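Protein chains in written order, with the numbering used here: chain A, -15 to 101; chain B, 797 to 908. We treat Cβ as the ideally placed atom computed from N, Cα and C, and that holds for glycine. The model shown is predicted, which means the values in this text are computed figures rather than measured ones. Input: a single structure, listed below in structure tokens.
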Amino acid sequence: GAVVSQHPSRVICKSGTSVKIECRSLDFQATTMFWYRQFPKQSLMLMATSNEGSKATYEQGVEKDKFLINHASLTLSTLTVTSAHPEDSSFYICSARDQQSRIYGYTFGSGTRLTVV
Amino acid sequence: GESVGLHLPTLSVQEGDNSIINCAYSNSASDYFIWYKQESGKGPQFIIDIRSNMDKRQGQRVTVLLNKTVKHLSLQIAATQPGDSAVYFCAENPRGYQKVTFGTGTKLQVIP
């Protein structure tokens, strides 16, 4: 079935630095990927929709200059958290849908635990 | 804005019993619904989905029921096992949109 790989699984960075998270569709092409953020004991909140070859669409309240998204190929989207601060510490999860699959549901990556110290 | 929500934040079930997890949605434009299971520290895992032209769909040990009249969705797990312990989210996909909106989640605890 469709597999989405996310890397790294955990990252600790110093306040003020930038962190890049990768999301790859391993066995299918994804023209659209999605980035979510999840705080402890809360639901997943959609941050942005990543579109291959074009600009990402950000949800209301999400700073596009802080959360840079690049979707340069049909199998890779990256999320860069720029000038990270402790309040950016969260679980970041990407998802994609295999449009060739008879299963319509979206496949999720395993998530990235970001800790900003 | 419109959202998807759940009635019960935590559900404790005896091993072997059936579990029912409920979800209320408010976006009448949604025509596709998905249930996900999320284990601690992992991404959501697809369980089962249903389109709005159906009111019931069955999978392996799971059944999803959709009541469009009252905008209610439920997930039934038969013969609940310890491995079913996780947080369960319902999610909706509004017609014409690709994005998926998640509900607040229900933590299922299976008592051995």
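Open item on the list: Let me see if you follow: with CB-CB separation under 8 Å, is F23 (chain A) close to chain B or not?
Closed with: Translated into the one-based positions of the first sequence, residue 23 (chain A) becomes position 39. Chain B, which has no Cβ nearer than 8 Å to the Cβ of F23 (chain A), makes this no.
Open item on the list: Contact between the stretch 2 to 22 of chain A and the stretch 70 to 82 of chain A is defined here as three or more beta-carbon pairs at a separation below 8 Å; is this criterion met?
Closed with: yes
TODO: Please classify E43 (chain A): does DSSP put it in a helix, a strand, or coil?
DONE: Position 59 of the first sequence, counted from the first residue, corresponds to residue 43 (chain A). Reduced to three states, the DSSP call for E43 (chain A) is coil.
Open item on the list: I'd like the list of long-range same chain contacts for A882 (chain B), defined as Cβ closer than 7 Å, with 5 residues on each side in sequence excluded.
Closed with: Taking the first residue of the second sequence as 1, we reach residue 882 (chain B) at position 86. Hits under 7 Å: K833, Q834, E835, L904.
- [ ] Would you check if the distance between the CB atom of A825 (chain B) and the CB atom of R891 (chain B) is smaller than 8 Å?
- [x] Along the second sequence, read from residue 1 onward, the residue named residue 825 (chain B) stands at position 29. Along the second sequence, read from residue 1 onward, the residue named residue 891 (chain B) stands at position 95. Yes.
Task: G855 (chain B) beta carbon less than 8 Å from that of I844 (chain B) - done: Here residue 844 (chain B) refers to the residue found at position 48 when the second sequence is read from its first residue. Here residue 855 (chain B) refers to the residue found at position 59 when the second sequence is read from its first residue. Yes.
Task: Interface flag, I77 (chain A) vs chain B, CB-CB below 8 Å - done: Taking the first residue of the first sequence as 1, we reach residue 77 (chain A) at position 93. Yes, contact with chain B.
Task: Distance CB(K4 (chain A))-CB(T64 (chain A)) smaller than 8 Å - done: Residue mapping note: residue 4 (chain A) aligns to position 20 of the first sequence, counting from 1. Residue mapping note: residue 64 (chain A) aligns to position 80 of the first sequence, counting from 1. In this structure, T64 (chain A) lies closer than 8 Å to K4 (chain A) by Cβ.
- [ ] Within the same chain, show all residues whose beta-carbon is closer than 7 Å to that of L28 (chain A), passing over the 5 residues directly before and after it, in chain order.
- [x] On the first sequence, residue 28 (chain A) is found 44 positions in, with the first residue counted as 1. So the list reads Y20, Q22, I77, once near-sequence residues are dropped.
TODO: Closer than 6 Å by C-beta to V809 (chain B): which residues in its own chain qualify, once you throw out the five before and the five after it? Chain order, please.
DONE: Counting from one through the second sequence, the residue named residue 809 (chain B) turns up at place 13. Cβ within range, chain order: S815, T876, V906.
TODO: Compute the Euclidean distance between the alpha carbons of G899 (chain B) and A874 (chain B), then round it to the nearest angstrom.
DONE: Within the second sequence, residue 899 (chain B) is the residue found at index 103, counting from 1. Within the second sequence, residue 874 (chain B) is the residue found at index 78, counting from 1. G899 (chain B) and A874 (chain B): Cα-Cα distance of roughly 22 Å.
Open item on the list: Taking beta-carbon pairs under 9 Å, can you tell me which members of the stretch 836 to 856 of chain B lie near chain A?
Closed with: G837, K838, G839, P840, Q841, F842, I843, I844, D845, R847
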